[in-house]
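Protein chains in written order, with my numbering: chain A, 247 to 563; chain B, 405 to 695.
To start, the structure itself, in structure tokens.
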Ligand SMILES: [Zn+2]
């Protein structure tokens, strides 16, 4: 398990716990009381850290190397009944954007999401979860297929941004994202978007126009990463903590500002700390919202979706 | 040219020049450096007569070029930002904002209005690059949304002139959601069968490119404009080498299939009218003229 800098007290306690357990094994002396005490202490320390997380620490959690990514959610939620589909039918298959049909408790759903790599080799393969235009076009193709067969769509958002490469520019990164915003606004089927990790800017929004937009407790969503914001406004990376706070990018702030529709609570210590628990919660949220949204007629659904996004903003007249 | 050398800090429009040059103000082309009087420059629609460099201009100038007799009714002229996040970096957003309003005499990075273009109704929204880099915050998004609402209500075509560095960071996610809002409104405009012309001018990047600027029935641009999603500096850092010549220019974007045509400023009004003739219902006056 990897520990973040602010999780040092937990790491120390975990090490202490392991030592005690080892000692018990070696000496055959009953240490169960000590072990229970340390475990209690770990839980209370975790809770304390959790309650005092700064926005920057949440950003760190959202990028935790052991955090579950899109395919892990899909595999778990569909219990493996997932038919992955590939390609944008124009240029290629973007490995940073995955998608396909999944069955959840007898309910067919189109799943789409950015995919990060689980190790060094895969991170490269997945382009660090940064899609090219083909990724957004593949996503749109799958959404249109879902619409054709009248099935709901679930998107998992987890990206440090759309890829800012030379070919991405040549093939119209801006146009690809713009087209998705336009088309998603008019989709006739329910769309649920869940930010599971990083929701960076247009690259996130490109699959983020939904009837319900939900954020995991330790995810972030904004127009720019705290590091890049710091670089531009303070002209150095050193102010990333301040930038994270100023951007109001946490789930709580986003919900308060009415820019998302709900928050999914994470297990103590973050989603990676208890995968089964977060998979169950996400699945329950998906089924709950699909149940409600499927009762709404498509014209009404579209109208409500557009009205919701039209209200976002804050102006004085 | 002696006067020019005396003014190292700038030769375009400072009042100092005015005093020293009784003939009037002078403009030096940033590209070919040829100098003309500001009066002639304006007469040439702020385009260099020598190299055809299209100078950056804002809503005021575009409106004077496009609307018949320069006449229009402004929409939501008083709308300003509410600083929803109480944003503060090295300076408070409210202070930056107030200073910009004072310096530019504008209320926001976008001006919108309705009027006539060659006798036909049109709604035009145009970004002001001199207002915090033409960045898109809540006001820019809301003004575009309202301009589109006006089009839908009165069956008018919409022309959007983009000129922006992208999102306004000080409005963070509020800024991001303007991409969603404007695109959704354009979907409604499209559903009603009304034409949308997106005109991209120098520079158009970031969230603006990734939303309304790329969604026109036709996307058009002025020559030599910088158009892209990621800025050239970021792309250069990503690929770790120099960018090819002409990368992200209007001509490059046209060649890659994301623009319908490039139009010189002097032809802009007629080109737009030509497109509207093809796409809007034939009006009574037009029919009468045809007979
Ligand atoms: Zn010139």
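Beta carbons are placed, not taken as given, at the ideal position from N, Cα and C, and that holds for glycine.
None of the values given here were measured: they were computed from a predicted structure.
Same chain only: Cβ atoms within 6 Å of residue i, ignoring 5 sequence neighbours per side
i, result
"residue 405 of chain B", "With a pLDDT of only 30 at residue 405 of chain B, under 50, the local geometry of the prediction cannot be trusted, and no value is derived from it."
"residue 615 of chain B", "583, 586 and 587"
"residue 477 of chain B", "517 and 518"
"residue 398 of chain A", "355, 435, 436 and 536"
"residue 473 of chain A", "483 and 486"
"residue 551 of chain A", "457"
Near ligand 1: residue i beta-carbon under 7 Å from a heavy atom
i, result
"residue 454 of chain B", "yes"
"residue 670 of chain B", "no"
"residue 435 of chain B", "yes"
"residue 431 of chain B", "no"
"residue 445 of chain B", "no"
"residue 469 of chain A", "no"
"residue 457 of chain B", "yes"
"residue 438 of chain B", "yes"
Nearest-angstrom beta carbon gap, residue j and residue i [assumed within contact, 8 Å]
i, j, result
"residue 434 of chain A", "residue 544 of chain A", "4 Å"
"residue 514 of chain A", "residue 292 of chain A", "5 Å"
"residue 418 of chain A", "residue 457 of chain B", "Not really, about 26 Å apart at Cβ, beyond 8 Å."
"residue 603 of chain B", "residue 662 of chain B", "Their Cβ separation, rounded to whole angstroms, is 13 Å, which puts residue 603 of chain B and residue 662 of chain B out of contact at 8 Å."
"residue 503 of chain B", "residue 544 of chain B", "Not really, about 18 Å apart at Cβ, beyond 8 Å."
"residue 559 of chain A", "residue 568 of chain B", "Not really, about 16 Å apart at Cβ, beyond 8 Å."
"residue 250 of chain A", "residue 288 of chain A", "At roughly 15 Å, the Cβ-Cβ gap does not stay under 8 Å, so residue 250 of chain A and residue 288 of chain A are not in contact."
"residue 681 of chain B", "residue 623 of chain B", "Not really, about 19 Å apart at Cβ, beyond 8 Å."
"residue 454 of chain A", "residue 439 of chain A", "5 Å"
"residue 326 of chain A", "residue 376 of chain A", "Not confirmed; about 27 Å, so no contact."
Same chain, Cβ closer than 7 Å to residue i, neighbours up to 5 away in sequence not counted
i, result
"residue 324 of chain A", "348, 349 and 350"
"residue 521 of chain B", "470, 471, 472, 673, 676 and 677"
"residue 522 of chain A", "none"
"residue 534 of chain B", "462 and 508"
"residue 373 of chain A", "341, 342 and 409"
"residue 333 of chain A", "339 and 384"
Own chain residues within Cβ distance below 8 Å of residue i, not counting five before or after
i, result
"residue 560 of chain B", "518, 525, 526, 527, 554 and 598"
"residue 371 of chain A", "341 and 363"
"residue 509 of chain A", "460, 461, 462, 463, 497, 498 and 501"
"residue 478 of chain A", "470"
"residue 476 of chain A", "482, 483, 484, 485, 486, 488 and 489"
Residue i CB to nearest heavy atom of ligand 3 below 7 Å
i, result
"residue 643 of chain B", "Questions concerning ligand 3 fall outside what the structure shown contains, since the ligands it does hold are ligand 1."
Could you please tell me which residues of the region 273-303 of chain A, in chain order, have their CB closer than 9 Å to any CB of chain B? none
Tell me which residues of the region 449-466 of chain A have at least one Cβ-Cβ distance to chain B shorter than 7 Å, keeping chain order. 451 and 455
Where the region 485-497 of chain B meets chain A: residues whose CB sits under 7 Å from a CB there: 485, 486, 488, 489, 491, 492, 493 and 494
Which of the residues in the region 611-624 of chain B, read from start to end, lie with their CB under 9 Å from any CB of chain A? 611, 612, 613, 614, 615, 616, 617, 618, 619 and 623
Within 8 Å of chain B by C-beta, residues of the region 398-420 of chain A in sequence order: 408, 409, 410, 411, 412, 414, 415, 416, 417, 418, 419 and 420
Could you name the residues of the region 475-498 of chain A whose beta carbon sits closer than 9 Å to any beta carbon of chain B, in the order they occur along the chain? 475, 476, 478, 479, 480, 481, 485, 488, 489, 492, 493, 494 and 495
Along the region 571-605 of chain B, where does the CB come closer than 9 Å to a CB of chain D? Name the residues. Protein chains A and B are contained in the structure displayed, whereas chain D is not.
Within 8 Å of chain B by C-beta, residues of the region 539-562 of chain A in sequence order: 551, 552, 555, 556, 558, 559, 560, 561 and 562
Residues of the region 513-546 of chain B whose Cβ lies closer than 7 Å to any Cβ of chain A, in chain order: 542, 543, 545 and 546
Give me the subset of the region 428-448 of chain A whose CB atoms are less than 7 Å from a CB atom of chain B, sorted by chain position. 428, 431, 432, 447 and 448
Contacting positions in the region 500-516 of chain A - beta carbon closer than 8 Å to chain B: 500, 503 and 505
Residues in the region 545-559 of chain B having any Cβ partner in chain A nearer than 7 Å: 545, 546 and 549
Check distances from the C-beta atoms of the region 470-482 of chain B to those of chain A and list, in chain order, the residues that come in under 9 Å. 480 and 482
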